[in-house]
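Engineer:
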Amino acid sequence: SGKDLRGINVNSLGGKKCAFELAGICFGAPFTPTPITKAECEEISDLGYGNKKEYCGGYTNDYWAGAVKTCGGVSKMPTAAQLAEIANYVYNTSGITQTGSPHGSLDYDKVAELGFTVTPGSSFSVWSDYEVNSASVFYRSFSSNMTTCNWLRNNSRAQAVCIID
19 SGKDLRGINV NSLGGKKCAF ELAGICFGAP FTPTPITKAE CEEISDLGYG
69 NKKEYCGGYT NDYWAGAVKT CGGVSKMPTA AQLAEIANYV YNTSGITQTG
119 SPHGSLDYDK VAELGFTVTP GSSFSVWSDY EVNSASVFYR SFSSNMTTCN
169 WLRNNSRAQA VCIID
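Note that the numbering used here has the sequence shown beginning at 19, numbered continuously upward.
#1: Rounded to a whole number of angstroms, what is the C-alpha to C-alpha distance between Cys167 and Ala105?
#2: Give me, in chain order, the residues of the same chain whose beta-carbon lies closer than 6 Å to that of Thr50; leave out the 5 immediate sequence neighbours on both sides.
#3: Can you list, in chain order, the residues of its chain whose CB lies under 6 Å from that of Thr111, leaving out five sequence neighbours each side?
#4: In angstroms with no decimal places, state the Cα-to-Cα distance between Thr78 and Ala57.
#5: What residue does the alpha helix (DSSP H) around Val86 start on, and which one ends it?
#6: Taking 9 Å as the threshold (C-beta atoms), are Ser141 and Ala160 in contact?
#7: Give every residue of the same chain whose Cβ lies closer than 8 Å to the Cβ of Val129, excluding the five residues on either side of it in the sequence, and list them in chain order.
#8: Which ranges would you report for the beta strand (DSSP E) in the stretch 136-165 if only whole runs of at least 3 residues count?
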């Protein structure tokens, strides 16, 4: 009663420790992934990205695979629909779909509230769980006046966020 409980480690109480929650999904703190090499990717067999060596791509620095590794598998990465929910929140709308790119005004205060790193007036991107092939993975870009979907898995500027069960 009247106590500030924000400083308590929620995990120690048996709960989730969300950096933010949208549409009932608990997300960890956003981060910029450390890339892994093709050889490192090929050594991993349990992260869920096809479990196929050809899906490790030809990139020396695979940032998406690094994000998947950090999150603990593709099942811990946001879907296109969940990235659309984030977009709806930071653009103050409800009309953004999984692959749509309507124009709007990015609310940089909300972006900062969620923990994403971006300078007002600039853009940022967030990885999804969807691997298209060895060179392409779905990620959503957020700019000052629109959101779009992009594909290359060697994007060193894309951020990641993990889903917490």
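Heads up, the beta-carbon is just placed ideally off N, CA and C, and yes, glycines get one too.
Structural biologist: With the given structure in hand:
#1: Going from the Cα of Cys167 to the Cα of Ala105 covers about 11 Å.
#2: Within its own chain, the residues whose Cβ lies closer than 6 Å to the Cβ of Thr50, once the five positions on either side in sequence are excluded, are Gln177, listed in chain order.
#3: Excluding residues within five positions, the ones whose Cβ falls inside 6 Å are Gly122.
#4: C-alpha separation (whole angstroms): 9 Å.
#5: Where Val86 is concerned, the enclosing alpha helix (DSSP H) starts and stops at Tyr81 to Cys89.
#6: With the sequence shown as reference, residue 160 is identified as Phe, and Ala is not the correct amino acid for it. Cβ atoms of Phe160 and Ser141: closer than 9 Å.
#7: Within its own chain, the residues whose Cβ lies closer than 8 Å to the Cβ of Val129, once the five positions on either side in sequence are excluded, are Val108, Val136, Phe142 and Phe160, listed in chain order.
#8: The stretch 136-165 contains these whole beta strand (DSSP E) runs: 142-149 and 154-160.
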